[in-house]
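First up is the structure itself, then whatever we jot down about it.
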Amino acid sequence: MELQSRWSCYVFANIVRLPPKEIMLKGVEEAKEIRNSQYKHFVPFKNLAVFYDSLAREMGCLPNFEEIKENNPQLYEIFWKCFICPATYRLIGPFSNYEKSMGTIIKYAQIQQKYLS
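Under numbering that gives the first Met the number 0, the first residue of the sequence shown is numbered 0, with each subsequent residue one higher.
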């Protein structure tokens, strides 16, 4: 949700552009089909990570996970094993705060590890 809100603000601030009208209309139709389906899903859009990554890529705040894998294996392992955390998309790009984001990511990973152990 946070990433979608940021994307909207970026559109209003002319930092990113809206997709072409045809793509937006196709997305609206897909969303309608999901909402009107007889099978209701807790998470209607099957792969949120792919969705979030596509927004982040468009906004210039998608981390280079291959670079992280090479240079910071501990952080890569957190990303691989854990969760989708909004702070992941605050490591780089417009209005990023690397230190704060890292602190949040590590804190959440520790909490998750505590509950999964």
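The beta-carbon is built from N, C-alpha and C at its ideal position, and this holds for glycine as well.
| Pick from Pro72, Asn96 and Leu61 that is closest to Ile83, judged by C-alpha positions | Your numbering for residue 83 matches position 84 in the sequence shown. Here the closest residue by C-alpha is Leu61.
| In three-state DSSP terms, what is Arg89? | Position 90 of the sequence shown holds residue 89. Helix.
| message | Please report the straight-line C-alpha distance between Gln109 and Leu115, rounded to a whole angstrom. | response | As a working mapping, residue 109 is identified with position 110 in the sequence shown. As a working mapping, residue 115 is identified with position 116 in the sequence shown. If I take the Cα positions, the gap works out to 10 angstroms.
| field | Straight-line gap, Glu1 to Pro85 (C-alpha atoms, nearest Å) | value | Here residue 1 refers to the residue found at position 2 when the sequence shown is read from its first residue. Here residue 85 refers to the residue found at position 86 when the sequence shown is read from its first residue. Each residue's alpha carbon lies about 7 angstroms from the other.
| Are the stretch 49-59 and the stretch 88-103 touching, with three or more C-beta to C-beta distances below 8 angstroms? | yes
| Do you know whose CA, among Arg89, Arg16 and Ala12, lies nearest Tyr51's CA? | Residue mapping note: residue 51 aligns to position 52 of the sequence shown, counting from 1. Answer by Cα proximity: Arg89.
| Which residue from Asn70, Val27, Thr103 and Ser53 puts its Cα closest to that of Val15? | Within the sequence shown, numbered from 1, the residue matching residue 15 stands at position 16. Of the candidates Asn70, Val27, Thr103 and Ser53, the one whose C-alpha sits nearest the C-alpha of Val15 is Ser53.
| query | Ordered along the chain, which non-local residues of its own chain (more than five positions away) have a Cβ less than 6 angstroms from that of Phe64? | reply | What you label residue 64 is simply residue 65 of the sequence shown in a count that begins at 1. Closer than 6 angstroms at the Cβ level, and outside the excluded window around Phe64, lies no residue.
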